[in-house]
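Under my numbering, the very last position in the sequence shown is 407; numbers go up by exactly one each time. We put the CB at the ideal spot given by N, CA and C, even for glycine. Comments concern the structure below.
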Amino acid sequence: MFFMSEKQTIQHSPQQAALERGRIIVRTSLIGIATNLLLAAFKAMVGLTTNSIAVLLDAVNNLSDVLSSVITVAGAKLAGRKPDREHPFGHGRIEYLSAMIIAAIVFYAGLTSLWESGKKILAPEVATYTTTSLLIIAVAIVVKIFLGRYFKRQGKAADSGALTASGADALFDAVLSTSVLATALLYLATGLSLEAYVGAVISIFILKSGIDMMKDTLNDILGERPDPALVKRVKGLLAAEPEIRGAYDLMINNYGPGRYYGSVHIELPDTMTVEEADRLTRRIYDKVHRETRVHLMGVTVYAYNTNDPEALAIRKKVYKIVLAHREWVLQIHGFYVDRKKKEMRFDVVVRFSADRDELRRVLQQEIKATFPDYAILIDTDRDMSALGTV
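Here it is in structure tokens:
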């Protein structure tokens with residue numbers, strides 16, 4: 018496992034990596050809390066002295082960032098607790114719950130800001146800017162840019178979606194503050210006051226940010242399709258083993274950032290002994306966990322025919338029949354035929370739009386027409402490993 022520091026890459030054991038990740042999240046969040054408190058204080062002072070609703074709403078946005086960082090720290094601390102009897106997979110998903118709370122806070126801040134802006138549109142008040150107030154806003158923009166880049170860098174180092182999202186939010190705040198500054202300069206140059214309208218626009222963007230955060234976090238809680246790059250990496254590591262003909266049906270469950278548990282089906286020669294298969298599965302478990310941090314909790318074995326030309330000929334015919342249904346079928350694997358018992362079995366990966374029962378019936382009928390003496394066992398699987406997009 019690796020974490021990137023600002024100057025070098027350091028390898029850690031899983032326990033050390035977890036501690037380092039926690040330190041990065043806490044340290045970065047504390048820096049964000051201190052910075053946003055200062056920015057909120059200065060912006061509030063500017064907003065009150067200049068009677069600027071846009072600047073005041075920008076200050077409120079900074080305060081919501083402070084609360085978000087506090088919740089991020091609390092969530093990371095709770096999520097870092099060791100597994101126990103009631104939670105054998107750990108407490109990592111607490112980070113997703115804390116992210117949902119942050120999203121709700123951001124959404125509420127957006128609603129409140131929109132309400133205040135609406136009142137200012139209906140009952141306008143003249144803003145009075147000074148050189149000092151404009152300078153404070155300009156400095157706040159620069160600080161937010163640096164803070165955003167720092168959060169994103171540290172979020173990547175700690176594999177923390179919360180920090181990465183905070184970094185993106187900080188950079189977006191810089192854009193909003195820039196709009197406030199532009200509005201102030203426009204007012205000083207032309208006397209045209211767009212304060213309340215800019216405040217309303219900022220509020221809408223805050224609302225959208227809260228909604229997007231809720232959607233992303235809800236996806237994490239519900240469970241998403243695993244990252245295609247991670248799927249490709251794990252399957253590549255398995256396929257690199259000379260005994261493994263193919264790796265299929267990889268399922269990866271996320272129990273919090275950096276906590277992945279998976280299962281997979283692998284094809285092995287029918288001449289392999291149980292002892293040899295046992296030794297192989299232990300080896301690939303260590304290899305996959307070391308390289309990707311995915312715990313392979315279950316490895317199912319498919320046998321494939323070796324040294325049997327007739328079985329290979331049957332396999333080719335069956336594949337041709339199945340793959341003719343490309344509107345439904347994404348992949349066929351795990352094929353094995355027992356010519357003595359007149360049995361064949363295989364798995365078919367189907368699109369989510371497919372009717373699995375109907376497809377199984379059609380394939381049974383078509384294959385039976387070609388091999389009437391065989392018992393046919395077909396298992397239809399959903400596309401869990403990003404084979405298709407339907």
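- Within the same chain, Cβ atoms closer than 6 Å to the Cβ of Ile-122 are found at Ser-81, Leu-84, the five residues on either side in sequence being excluded.
- Residue state for Ser-370 is assigned as coil, using DSSP reduced to three classes.
- By the C-beta criterion, the segment 130 to 148 is judged not to be in contact with the segment 293 to 310, since fewer than 3 inter-stretch pairs fall below 8 Å.
- Counting every other CB atom within 10 Å of its CB across the protein chains shown gives Ser-370 a total below 16, marking it as exposed.
- By the 16-neighbour rule on beta-carbons within 10 angstroms, Lys-358 is exposed.
- A Cβ-Cβ separation of about 7 Å places Ala-93 in contact with Val-43 under the 8 Å criterion.
- A distance of 8 Å or more separates the beta carbons of Asn-322 and Leu-313.
- Listed as beta-bridge partners of Ser-280 by DSSP are Met-268, Gly-315.
- The segment 148 to 220 is shown to contain whole alpha helix (DSSP H) runs of 4 or more residues at 148 to 175, 178 to 207, in chain order.
- By the beta-carbon neighbour count (other beta carbons within 10 angstroms, threshold 16), Ala-51 is exposed.
- Distance between Asp-186 and Phe-222, taken at the CA atoms: about 11 Å.
- By the 16-neighbour rule on beta-carbons within 10 angstroms, Leu-209 is exposed.
- For His-306, the enclosing alpha helix (DSSP H) starts and ends at 291 to 309.
- Taking 8 Å as the cut-off, the Cβ atoms of Gly-127 and Gly-227 count as close.
- In this structure, Asn-271 is the residue among Asn-271, Ala-157, Leu-255 with its C-alpha nearest to the C-alpha of Arg-242.
- Within the segment 90 to 149, no complete beta strand (DSSP E) segment of 3 residues or longer occurs.
- If you draw a straight line from the Cα of Ile-393 to the Cα of Ala-294, it is about 26 Å long.
- It is roughly 34 Å from the alpha-carbon of Phe-163 to the alpha-carbon of Lys-99.
- Taking Ile-238 as the centre and dropping the five residues before and after it, the same chain places the C-beta of Tyr-113 closer than 6 Å to its C-beta, in chain order.
- Residue environment analysis places Gly-279 among the buried positions, since at least 16 neighbouring C-beta atoms fall within 10 angstroms of its C-beta.
- In the same chain as Val-77, and ignoring 5 residues on each side of it, the C-beta atoms closer than 7 Å to its own belong to Ala-126, Ser-130, in chain order.
- Bridge partners of Ala-320 according to DSSP: Leu-285.
- Distance from the CA atom of Leu-73 to the CA atom of Ala-61, rounded to whole angstroms, is 5 Å.
- Judged by beta-carbon spacing, Leu-188 lies beyond the 8 Å limit of Gly-172, meaning their Cβ atoms are not closer than that value.
- Collapsing the DSSP output to three states places Ala-341 in coil.
- Per DSSP, Gly-253 lies in no beta strand (DSSP E) segment; the continuous alpha helix (DSSP H) that holds it begins and ends at 245 to 256.
- When rounded, the separation of the alpha-carbon atoms in Leu-267 and Leu-247 is 10 Å.
- Within the same chain, Cβ atoms closer than 6 Å to the Cβ of Phe-352 are found at Arg-332, Phe-363, the five residues on either side in sequence being excluded.
- For Tyr-353, the enclosing beta strand (DSSP E) has its first and last residue at 346 to 355.
- Straight through space, the alpha carbons of Val-367 and Phe-106 are spaced by roughly 30 Å.
- In this structure, the beta-carbon distance from Gly-109 to Arg-276 falls below 8 Å.
- In this structure Thr-45 is buried. Its beta-carbon is surrounded by 16 or more other beta-carbon atoms within 10 angstroms.
- At a Cβ-Cβ threshold of 8 Å, Val-197 and Ile-153 do not count as neighbours.
- Scanning its chain for C-beta atoms nearer than 6 Å, with the 5 sequence neighbours on each side dropped, one finds around Met-117 the residues Thr-234, in chain order.
- Bridge partners of Glu-327 according to DSSP: none are assigned.
- Rounded to whole angstroms, Glu-258 and Asp-372 show a C-alpha spacing of 35 Å.
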